[in-house]
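As given, the protein sequences belong to chains A and B, one line each in that order.
Numbered as in our numbering, the first sequence ends at 242 without a single skipped number.
Numbered as in our numbering, the second sequence ends at 191 without a single skipped number.
Glycine included, C-beta positions come from ideal geometry on N, C-alpha and C.
Fair warning: this is a prediction, and the values are worked out from it, not measured in the lab.
Let me begin by presenting the structure, written as structure tokens, before commenting on it.
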Amino acid sequence: MSGTNAAAGGANAAAGGAFTDAVIRRNPAWIQLLGLCPLLAVSNSLVNAIGLALASGFVMLGSALAISALRTWIPSRVRLPCFVLVIATFTTLSVLLLEAYAFELYLRIALFVQIIVSNCMILGRMEAFASRQPPWRACLDALGTATGFAIALVALGGVREALGQGSLLAGMEHLFGPIAAGWRIDLGFDTAPFLIALLPPGAFIIAGLLLGLANSLGNALPSNRNNDEQGKTNPDIRKAEG
Amino acid sequence: MADLALILIGALLVNNFVLAQFLGLCPFMGVTKSFAPALAMGLATTFVLTLAAIACHLIHHALLIPLGLEWLRIIVFIAVIASVVQFTELYLRSASPLLHQSLGLYLPLITTNCAVLGVALLVAGEGLSLPGAIVFAMGAAAGFSLVMMMFSAIRERLEGADLPRAFAGAPIALVTAGLMSLGFLGFAGLD
Numbered sequence: 001m002s003g004t005n006a007a008a009g010g011a012n013a014a015a016g017g018a019f020t021d022a023v024i025r026r027n028p029a030w031i032q033l034l035g036l037c038p039l040l041a042v043s044n045s046l047v048n049a050i051g052l053a054l055a056s057g058f059v060m061l062g063s064a065l066a067i068s069a070l071r072t073w074i075p076s077r078v079r080l081p082c083f084v085l086v087i088a089t090f091t092t093l094s095v096l097l098l099e100a101y102a103f104e105l106y107l108r109i110a111l112f113v114q115i116i117v118s119n120c121m122i123l124g125r126m127e128a129f130a131s132r133q134p135p136w137r138a139c140l141d142a143l144g145t146a147t148g149f150a151i152a153l154v155a156l157g158g159v160r161e162a163l164g165q166g167s168l169l170a171g172m173e174h175l176f177g178p179i180a181a182g183w184r185i186d187l188g189f190d191t192a193p194f195l196i197a198l199l200p201p202g203a204f205i206i207a208g209l210l211l212g213l214a215n216s217l218g219n220a221l222p223s224n225r226n227n228d229e230q231g232k233t234n235p236d237i238r239k240a241e242g
Numbered sequence: 001m002a003d004l005a006l007i008l009i010g011a012l013l014v015n016n017f018v019l020a021q022f023l024g025l026c027p028f029m030g031v032t033k034s035f036a037p038a039l040a041m042g043l044a045t046t047f048v049l050t051l052a053a054i055a056c057h058l059i060h061h062a063l064l065i066p067l068g069l070e071w072l073r074i075i076v077f078i079a080v081i082a083s084v085v086q087f088t089e090l091y092l093r094s095a096s097p098l099l100h101q102s103l104g105l106y107l108p109l110i111t112t113n114c115a116v117l118g119v120a121l122l123v124a125g126e127g128l129s130l131p132g133a134i135v136f137a138m139g140a141a142a143g144f145s146l147v148m149m150m151f152s153a154i155r156e157r158l159e160g161a162d163l164p165r166a167f168a169g170a171p172i173a174l175v176t177a178g179l180m181s182l183g184f185l186g187f188a189g190l191d
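Spelled out as structure tokens, the structure:
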């Protein structure tokens, strides 16, 4: 958060900092464990993961822009209901867009596109950032948070699809049209695919293993040792050690 | 009657909301560090979820379908859920201050619990009747509470476990949830 409140002087550097901060050190899914429901539910293939990442990014960006532009008109006492209604409006728009242009894909992830509205990650960013900053900064932060969420979705989706189906990018034509039909990569495993990766238990277990891996990589980085953002995991670690 | 029993078992065990459908994971990961808050969260969610499902079902059939406004359901349902949460809080505060003290903290969080919106949308999508909707919502809520209690009991035991540093906290909790989910897969045979 340090970069986000900096004076307008080094605005560009600070804005860049806000973006990388939102993508990596405050990664909504891995560090803050927000938006877990869609993350685990639709990550059984890359196409589902990318579809939901795009829909969430659209809602995030649209709501941040709208809320930031309207921030002086929204009375602070009823701000949360207002934010929720704005987010619900953009969620409805993304549902209608997916129904119109990617119906096959929509049928597979319908419920989780609709509940983007109750994703606490989005409401949290609106309350903490977009409602207090000018539109361009709010957009940058929204873009960063959405990218961070997309990276988490794609990482989990890629691992689960590779283990469970032995392929990558299968079925991309449902999202990008007939051009994408040839994007499927067959990994050519000799053995049968590891079916459990596609089932619900696989989502939890692989997410836990990936998070553990990310933690051990994060702990190895010197810059993250004394980092505030790690404060959420550190007490647990200390407790486990003590 | 048999239909309703099937809906109940389906929502409670076979398609458990948390472990098979990935709904309501925020409270599942966030409020299960110890048993008492997990139980309180389960009870509060059960109450709100059932009321909200009934309210959304009635509004969907009385207003949205006759007026051809089904595409507005996300906005309408989230507004209904927020109002139900607000009324529950007001009612509890006057009717039972003691209960309000133990559950009050969790009530506002329920507005952004996707299980509540998920139930309302699933009921609307599958076109259940009113009794079906009530039984489905109660089954889903009971399944949520059951899993919250089981998971918090396991996590209390995990507190003292000797873990690799990187796995302490959330990672081991996710793996634990995966093993529970594996157990719940066994209920698939009941359907």
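Check	Outcome
Using 8 Å as the threshold, is the region 53 to 68 of chain A in touch with the region 141 to 149 of chain A, meaning 3 or more CB pairs across them?	yes
Going along chain A, which residues have a C-beta under 8 Å from A166 of chain B?	G212, L213, N215, S216 and N219
Indicate the three-state DSSP secondary structure (helix, strand or coil) for D141 of chain A in the structure shown.	helix
State the start and end residues of the unbroken alpha helix (DSSP H) segment that holds T72 of chain A.	Looking at the DSSP string, T72 of chain A is not in any alpha helix (DSSP H), and its letter there is neither H nor E.
Rounded to whole angstroms, what's the CA-CA distance from A11 of chain A to M126 of chain A? Just pull it up for me.	Confidence at A11 of chain A is low in this model, with a pLDDT of 49, below 50, so its placement is unreliable and the value that follows should be read with caution. In a straight line, the C-alpha of A11 of chain A is about 20 Å away from that of M126 of chain A.
What are the complete alpha helix (DSSP H) segments, minimum 4 residues, inside the region 58 to 100 of chain B?	73 to 95
List the residues of chain A that V48 of chain B touches, going by C-beta distances under 7 Å, in chain order.	Correct list: empty, because the minimum Cβ distance to chain A is about 13 Å.
Using a 10 Å radius around the Cβ and a threshold of 16 neighbouring Cβ atoms, would you call I179 of chain A buried or exposed?	exposed
So if DSSP puts S63 of chain A in a beta bridge, which residue, or which two residues, is it bridged to?	None, per the DSSP bridge assignment.
For L168 of chain A, which three-state DSSP category applies?	strand
In whole angstroms, what is the alpha-carbon distance linking C139 of chain A and F136 of chain B?	40 Å
Quick one: Cα of M148 of chain B to Cα of T45 of chain B, how far?	11 Å
Just to confirm my understanding: we take F187 of chain B, look at its own chain, exclude 5 residues before and 5 after, and list those with CB closer than 7 Å. What are they?	L13 and V14
Would a C-beta distance cut-off of 8 Å place I74 of chain A and G178 of chain B closer than the cut-off?	no
Under a three-way DSSP split, which group does N5 of chain A fall into?	Interpretation of N5 of chain A is limited by its pLDDT of 39, a score under 50 that renders its predicted location unreliable; the figure taken from the coordinates is listed afterwards. Helix.
Run through DSSP, which three-state label would D186 of chain A get?	strand
Examine the Cβ distances between the region 116 to 123 of chain B and the region 53 to 60 of chain B and report whether three or more of them are shorter than 8 Å.	yes
At the level of alpha carbons, what is the spacing between R132 of chain A and C82 of chain A?	15 Å
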